[in-house]
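Okay, so here's the structure we're looking at.
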Amino acid sequence: SSNGTLATNATYGANTTTAGGGQTGKVIIPEGALITKVYTHVETAITDDDDNSTTISLGYTGALAAFLAATAISATLWAAGSHNTLVGYPNLGADSAHDTQLEVAALYAATYIAVTTDVEVLITLNNDHNVDAGKVTVFVEYVQTGDLS
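Numbering (the working numbering), first residue to last: 9 to 157.
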């Protein structure tokens, strides 16, 4: 959740407020988590103050693009609606090469992320314009493995 304009070339915690009010605090994925799915719900389209060329990546401490590589906000991903990311949604291709349950399960598992320390969910803006409109919720699903450092 964020209020106000997000400046370009900066990384923000997913719960940062940049103008008075709003939520505060960090969104932390705990040590030993196995992240199995990440998706977004865009309530209102994301726009910048000029040409919609600003890119946004989603990730966490130490891996800023782990959930979503830098994607221009003109892409469908930042339009209103629910959208997939790199985690939990393998590209199965247009053929029938992956037609058994075991093959599909292996493709999904290859997208999972295991974290060995507490990590903060982060949003990174790049390019030459500030993001000044839009509302997006990032959902991170994980299970605790019990594998602690």
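Heads up, the beta-carbon is just placed ideally off N, CA and C, and yes, glycines get one too.
Is the segment 112 to 121 close to the segment 39 to 51, with three or more CB pairs under 8 Å?
yes
Quickly, what does DSSP pair I37 with across the bridge? List them, please.
V127
Classify A141 as buried or exposed, calling it buried when 16 or more other Cβ atoms lie within 10 Å of its own Cβ.
exposed
Y47 and S90: beta carbons closer than 8 Å?
yes
Contact belief for L85 with I131 at Cβ below 8 Å, rounded distance in angstroms:
Wrong, their Cβ atoms sit about 13 Å apart, outside the cutoff.
Excluding the five sequence neighbours on either side, which residues of its own chain have a C-beta within less than 7 Å of the C-beta of V148, listed in chain order?
I37, I43, V46 and V129
Does the beta-carbon of D136 have 16 or more other beta-carbons within 10 angstroms, so that it is buried, or is it exposed?
exposed
If you draw a straight line from the alpha carbon of N60 to that of T153, how long is it in whole angstroms?
40 Å
For the alpha helix (DSSP H) that contains A71, what are its first and last residues?
Note, A71: premise wrong, no alpha helix (DSSP H); beta strand (DSSP E) at A71 to A80.
Neighbourhood of K143 by C-beta, 6 Å cutoff - its chain only, sequence neighbours within 5 removed:
E51 and T52
From what residue to what residue does the alpha helix (DSSP H) around L66 run?
Not the alpha helix (DSSP H): L66 falls in the beta strand (DSSP E), residues T63 to Y68.
Residue burial classification, Y150 (beta-carbon count within 10 angstroms, cutoff 16):
buried
Quick one: what's got a C-beta closer than 8 Å to A78's C-beta in the same chain, skipping five residues either side?
T63, I64, S65, T132 and N134
How many angstroms separate the CA atom of I16 from the CA atom of Q109?
The residue asked about is misnamed: residue 16 is Thr in this sequence, not Ile. The alpha-carbon atoms of T16 and Q109 are separated by roughly 43 Å.
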